[in-house]
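Everything on this sheet refers to the single structure shown next.
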Amino acid sequence: MKNHVYRPLLVVIAVVVLILAVRAIYVPDDFAIGDRGYMYGWHRQGNEVDWKNVKVKYLGREYCQDCHTDRYTSIMASAHQDIECENCHGPAVDHPDVRPALAIDKSRAHCLRCHFPLPYASSGRSKIPGIDPDEHNPDIACAECHNPHDPMEGLK
Amino acid sequence: MITRRKFLKSTALGVTGMALPLAAFDFIDPRKLMALEAADASKVRWVFLVDTYKCVGCGLCVKACKEENEIPYDANVTRTWVERYVLTKNGEVLADTPKGARDGFTTAKIDLGLGKYREVKQEDIEKAFFVPKLCNQCENPPCVQVCPVGATYATADGVVHIDRKWCIGCGYCIMGCPYGVRFFHPVHRTAEKCNFCYHRITKGLKPACVDACPFGARRIGNIKDPGDPVTRIIMTERVGILKEEYGTKPQVFYIGLSREVK
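One line per chain: the protein sequences are A and B, in this order.
According to numbering that gives the first Met the number 0, the first sequence is numbered sequentially starting from 0.
According to numbering that gives the first Met the number 0, the second sequence is numbered sequentially starting from 0.
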């Protein structure tokens, strides 16, 4: 065959080799078909470990229990026993070492999440006592009268 | 006299009979078999159960999810959200989820978008309820099929993940998800979605939203474990799934689903 046939052929081969070389370097070694086959499992296997290693931020009330025993006991004996500490106090991650004080959400809006009356019959919301925020002491924080750890304590 | 045919026949029968172990005559107990399956650590398939009767729309799940998974708090994107449905007596279906219900539902006014609100009188409401939404971790995830680079995938335990290093941000998966659970992460600039708090469930914890819910409206379970209370509810009680007609086989089950819920 003549030279003018070989030359473009060499160019094509060079391009293919280049693409394969780049792919070999660029694509991570652990890129493979996972447990779910080619259609759903084609991925970088190391990413599963990355997701497992994300830091846990909400540690649960058991984490609070040992140091804040009195608080834990009081809320567990009240109507608010189902509410996790971290729902109002924020995630406990790095507390108390890095973050000695947690920001407590004492806003009226926070209490109204449950206690704004929405009497939707087929929802549990209708069974929670509610207040009209415009009528019920609109200018003061709920916690001025109600202890969040025992909301009806000392009230008439 | 014994013929050759008779000899071969009885020999074959005798050898087969001796080769059969006694165990072959045991009836296989399906419960035992399932227990064996469950004992194997690799036999995990995470599923989610939502009880819409218990949900009060407080949005504490959304708040916890955003904090736990580092989704920018004030950006209007979230991995899980709560929808409110209000059905009026004259057949209107109104639904809203202001900020994904991050701050709960603290008004009777329904957010129609574009700064418009609608107040429905209590006597005009036929039924009203809250529906928490999250990724369905489909058995046939359409979002995974459309990814052109292999950045999103399903694991053996059924959770669908996104590889943030590999995602090119083309957005095909966001369009491909029939449930609208995917969005762009404003910081990482990649596709983002709920993964049942994979870092928690693989450590024996529950997802942040499940722990944050004071009413037990959200639960997680392993469908391959027949003793799991969530599995038992899914197997024996009336549960619904979203958009069954799409064939995605979603793995988030709902108690008290209504046909108006899309």
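Note that CB positions come from ideal geometry on N, CA and C, so glycine has one too.
No experiment lies behind these values; they were computed from the predicted model shown.
Selected residue, minimal CA-CA separation from V46 (chain B), among B:P20, B:I232, B:P185, B:F214 = For the purposes of this step, residue 46 (chain B) is identified with residue 47 of the second sequence, where counting begins at 1. Closest option to V46 (chain B), Cα to Cα, is B:I232.
| request: Quick one: using the 10 Å Cβ neighbour count with 16 as the cut-off for buried, is L111 (chain A) buried or exposed? | output: Residue 111 (chain A) sits at position 112 when you count from the first residue of the first sequence. With 16 or more other Cβ atoms within 10 Å, it is buried.
Taking just the CA atoms, how far does R217 (chain B) sit from L256 (chain B)?
Walking along the second sequence from the start, residue 256 (chain B) turns up at place 257. Walking along the second sequence from the start, residue 217 (chain B) turns up at place 218. Distance between the alpha carbons of L256 (chain B) and R217 (chain B) is about 14 Å.
Cutoff 8 Å: Y72 (chain B) Cβ touching any chain A Cβ: As a first step, residue 72 (chain B) is located in the second sequence; it is residue number 73 there, counting from the start. Chain A contact via Cβ: absent.
- Looking at the structure shown, is I12 (chain A) part of a helix, part of a strand, or coil, going by DSSP? By 1-based counting over the first sequence, the position of residue 12 (chain A) is 13. If DSSP states are grouped into helix, strand and coil, I12 (chain A) belongs with the helices.
TODO: Taking C-beta pairs closer than 7 Å, name the residues in chain B that C113 (chain A) reaches, listed in chain order.
DONE: Numbered from 1 along the first sequence, position 114 holds the residue referred to as residue 113 (chain A). Those within 7 Å of C113 (chain A) in chain B are V55, C57.
Quiz item: Does the beta carbon of G103 (chain B) sit closer than 8 Å to a beta carbon anywhere in chain A?
Solution: Mapped onto the second sequence, residue 103 (chain B) falls at position 104. Yes, G103 (chain B) lies at the interface with chain A (some Cβ there is under 8 Å from its Cβ).
- Query: Looking only at its own chain, which residues have a Cβ that is under 6 Å from the Cβ of A262 (chain B), when we skip the five neighbours before and after it?
  - Reply: As shown, chain B starts at 0 and ends at 261. That puts residue 262 (chain B) outside it, with no answer to give.
**Prompt:** If we count Cβ pairs, one from each stretch, closer than 8 Å, do we get three or more for the stretch 124-139 of chain B versus the stretch 6-15 of chain A?
**Reply:** no
Under 8 Å Cβ-Cβ, which residues of chain A neighbour F214 (chain B)? As a working mapping, residue 214 (chain B) is identified with position 215 in the second sequence. Simply D81, G123.
Give, in chain order, every residue of the stretch 174-199 of chain B whose Cβ lies closer than 8 Å to some Cβ of chain A. N194, Y197, H198, R199
| Name the chain A residues that come within less than 8 Å of G246 (chain B), Cβ to Cβ? | Working through the second sequence from its first residue, we reach residue 246 (chain B) at position 247. Those within 8 Å of G246 (chain B) in chain A number zero; the least Cβ separation is about 14 Å.
Quiz prompt | Opening and closing residue of the beta strand (DSSP E) in which D110 (chain B) lies | solution = Within the second sequence, numbered from 1, the residue matching residue 110 (chain B) stands at position 111. Segment 108-112, the beta strand (DSSP E) holding D110 (chain B).
Tell me the residue span of the beta strand (DSSP E) that contains E82 (chain B). Counting from 1 along the second sequence, the entry for residue 82 (chain B) is found at position 83. 80-87 is the span of the beta strand (DSSP E), which, as asked, contains E82 (chain B).
At 3 residues or longer, what runs of the beta strand (DSSP E) sit wholly inside the stretch 145-219 of chain B? List check, beta strand (DSSP E) in window: 151-153, 159-161.
| said: Which complete beta strand (DSSP E) runs does the stretch 26-66 of chain A hold, if anything under 3 residues is left out? | reply: With a minimum length of 3 residues, the continuous beta strand (DSSP E) runs that stay inside the stretch 26-66 of chain A are 30-32, 41-43.
| message | Strictly by DSSP, which residues pair up with A127 (chain B)? | response | As a first step, residue 127 (chain B) is located in the second sequence; it is residue number 128 there, counting from the start. B:V85, per the DSSP bridge assignment.
Going straight from the alpha carbon of V159 (chain B) to that of W50 (chain A), what length do you get?
Along the second sequence, read from residue 1 onward, the residue named residue 159 (chain B) stands at position 160. Along the first sequence, read from residue 1 onward, the residue named residue 50 (chain A) stands at position 51. Distance between the alpha carbons of V159 (chain B) and W50 (chain A) is about 11 Å.
- prompt: What is the rounded straight-line gap between the Cα of Q44 (chain A) and the Cα of R199 (chain B)?
  reply: Along the first sequence, one-based indexing puts residue 44 (chain A) at 45. Along the second sequence, one-based indexing puts residue 199 (chain B) at 200. If I take the Cα positions, the gap works out to 19 Å.
What is the rounded straight-line gap between the Cα of V180 (chain B) and the Cα of E67 (chain B)? Here the question's residue 180 (chain B) lines up with position 181 in the second sequence. Here the question's residue 67 (chain B) lines up with position 68 in the second sequence. Answer to the nearest angstrom: the Cα atoms are 17 Å apart.
Pair within 8 Å by beta-carbon distance, P131 (chain B) and V49 (chain B) = Position 132 of the second sequence, counted from the first residue, corresponds to residue 131 (chain B). Position 50 of the second sequence, counted from the first residue, corresponds to residue 49 (chain B). In this structure, V49 (chain B) lies closer than 8 Å to P131 (chain B) by Cβ.
| query | Taking C-alpha atoms, which residue in B:G168, B:V85, B:E69 lies nearest to C193 (chain B)? | reply | Taking the second sequence and counting its residues from 1, the one referred to as residue 193 (chain B) is at position 194. Nearest C-alpha to C193 (chain B): B:E69.
Terminal residues of the continuous beta strand (DSSP E) containing D95 (chain B)?
For the purposes of this step, residue 95 (chain B) is taken as residue 96 along the second sequence, with counting starting at 1. Segment 92-95, the beta strand (DSSP E) holding D95 (chain B).
Next item on the list: Pull up the CB-CB distance for T77 (chain B) and K65 (chain B), whole angstroms please, since I reckon it's below 8 Å.
Entry: Along the second sequence, one-based indexing puts residue 77 (chain B) at 78. Along the second sequence, one-based indexing puts residue 65 (chain B) at 66. T77 (chain B) to K65 (chain B), Cβ: 6 Å. Contact.
| Y253 (chain B) at chain D interface by Cβ criterion, 8 Å | Checking the listed chains, one finds no chain D in this structure; the protein chains it contains are A and B.
Does L12 (chain B) have its Cβ less than 8 Å from a Cβ in chain A? Taking the first residue of the second sequence as position 1, residue 12 (chain B) is located at position 13. No, because no Cβ of chain A sits closer than 8 Å to the Cβ of L12 (chain B).
- Proximity below 8 Å, CB of A102 (chain A) to CB of L58 (chain A): Position 103 of the first sequence, counted from the start, is the residue given in the question as residue 102 (chain A). Position 59 of the first sequence, counted from the start, is the residue given in the question as residue 58 (chain A). In this structure, L58 (chain A) does not lie closer than 8 Å to A102 (chain A) by Cβ.
Compare the Cα-Cα distances from Q121 (chain B) to each of B:K8, B:R83, B:A107 and report the closest residue. Counting from 1 along the second sequence, the entry for residue 121 (chain B) is found at position 122. Of the listed residues, the one whose Cα sits closest to Q121 (chain B) is B:A107.
query = Of the residues B:Q250, B:L204, B:A211, which one's Cα is nearest the Cα of P140 (chain B)?
reply = For the purposes of this step, residue 140 (chain B) is identified with residue 141 of the second sequence, where counting begins at 1. Comparing alpha-carbon positions, the option among B:Q250, B:L204, B:A211 lying closest to P140 (chain B) turns out to be B:Q250.
Give a yes or no on whether the C-beta atoms belonging to S122 (chain A) and Y52 (chain B) are separated by under 8 Å. Locating residue 122 (chain A) in the first sequence gives position 123, where the first residue counts as 1. Locating residue 52 (chain B) in the second sequence gives position 53, where the first residue counts as 1. Result yes, Cβ atoms of S122 (chain A) and Y52 (chain B) sit closer than 8 Å.
Quiz item: What residues from chain B crowd round N52 (chain A), counting only those whose CB sits closer than 8 Å?
Solution: Within the first sequence, numbered from 1, the residue matching residue 52 (chain A) stands at position 53. Think of a sphere of 8 Å around the beta carbon of N52 (chain A): the chain B residues whose beta carbon falls inside it are H198, in chain order.
If I'm right that G58 (chain B) touches V81 (chain B) with Cβ under 8 Å, what's the distance once you round it to whole angstroms? The residue labelled residue 58 (chain B) in the question sits at position 59 within the second sequence. The residue labelled residue 81 (chain B) in the question sits at position 82 within the second sequence. That pair is a contact at about 6 Å.
- Message: Between V229 (chain B) and I219 (chain B), how many whole angstroms is the CB-CB distance? I'm expecting something under 8 Å.
- Response: Translated into positions along the second sequence, residue 229 (chain B) becomes position 230. Translated into positions along the second sequence, residue 219 (chain B) becomes position 220. Indeed, because the Cβ distance is near 7 Å, the residues count as touching under 8 Å.
Inset, instruction - Indicate, with yes or no, if the ligand HEM has a heavy atom lying under 7 Å from the CB of V11 (chain A). - result: Among the components modelled here there is no ligand, and therefore nothing to report on the ligand HEM.
From B:A155, B:F252, B:C176, B:A190, pick the residue whose C-alpha is nearest to that of T201 (chain B); which is it? The count along the second sequence starts at 1 and reaches residue 201 (chain B) at position 202. Ranking B:A155, B:F252, B:C176, B:A190 by Cα distance to T201 (chain B) puts B:A155 first.
Which residue marks the beginning of the alpha helix (DSSP H) containing D131 (chain A), and which one marks its end? Numbered from its first residue, the first sequence carries residue 131 (chain A) at position 132. D131 (chain A) -> no alpha helix (DSSP H), and no H or E assigned at all.
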